[in-house]
Each structure stands twice: as C-alpha cells, then as structure tokens.
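In terms of this note's numbering, the sequence shown opens at residue 290 and continues consecutively.
Glycine residues also receive a C-beta, built at the ideal position from the N, C-alpha and C atoms.
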Amino acid sequence: MSKGILDLENREQAENEIKRYLELECPHYLGSKVASVELVKDTAIKLFEGEKRSRVLVYDVKLQDTSEAFGTIGGILYPDNPPYSNVFPKSEVKDADTAASIHLYWEAINRYGNTSFFSKKENLEELAEMLELPKELR
C-alpha cells in the first residue's frame, strides 16, 4: 500500500471517507442530506491479467427525505491509486453488485478516460460488457 492512500481494509477510515464524500455530494446531487450509511458489499473484480483485483466497497445510504442511494469507494487500480468515490440513486442502480460495476465504469470514464486505455469508446464498451452493465447505465 502506498503511503497516504486510504486503506479499504481499515473499515472505520473507509467509512469516514465515504461519509465525508456523501455529505458533500448528496445535498447537491440527490437533494437531501445523509441519514445513515451502512457497508453492504466488499467486492474485488479481476479486470486485468495478473494478481491484482479492482476493489469497491458499497454502502447502503439512507437520506433524510427517505430516498436511498448506494455510496461507493474503491478503484480500478486500487491500491496503486487512491480510491475513487461515487453515489448512485437506487431509483437508477437497483443492487449492490450493479453499484460496484457502475462505480468502476464511471471511474474509467471520469478518472482515466482522457489519457489511457479507456479513452477509446470500444475499450469502454468492452469494460461495460466485462462488468455486465445494463445498457441503460452505460
């Protein structure tokens, strides 16, 4: 683990980081403040050759307006790169497995899309297929 990179094994540290992120994003993006956050999935997905797996923690997020979302933290190249965070309304992303997959897909687009392998549309499509993402979420 590189010095200074959030350790997803440290559940308290990871939860504090996702809560900080959600406090900033939920009012702006989802229109309500966070009421509760609970870890529901820890997934590792092998996307590339070799030993390393992409890793994502998925949190069930309840909002004060009674709506719900998934908060995600992790990454395609974790632990070599710092974790990336996202939030997805449950009205669009129905389950924790899909939340983990869409997290990696959006990270590929937003974090690596301009300068890497994921800058090519066909490579993003291949990633979406590997992650088994529904067409409407691509």
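Shown here, Asp386 sits in a helix according to DSSP, grouped into three states. Secondary structure at Tyr348: strand, using DSSP grouped into helix, strand and coil. Counting every other CB atom within 10 Å of its CB across the protein chains shown gives Gly339 a total below 16, marking it as exposed.
Across the structure, Asp331 and His317 are spaced so that their CA atoms are roughly 26 Å apart. Taken through DSSP and simplified to helix, strand or coil, Pro316 comes out as helix.
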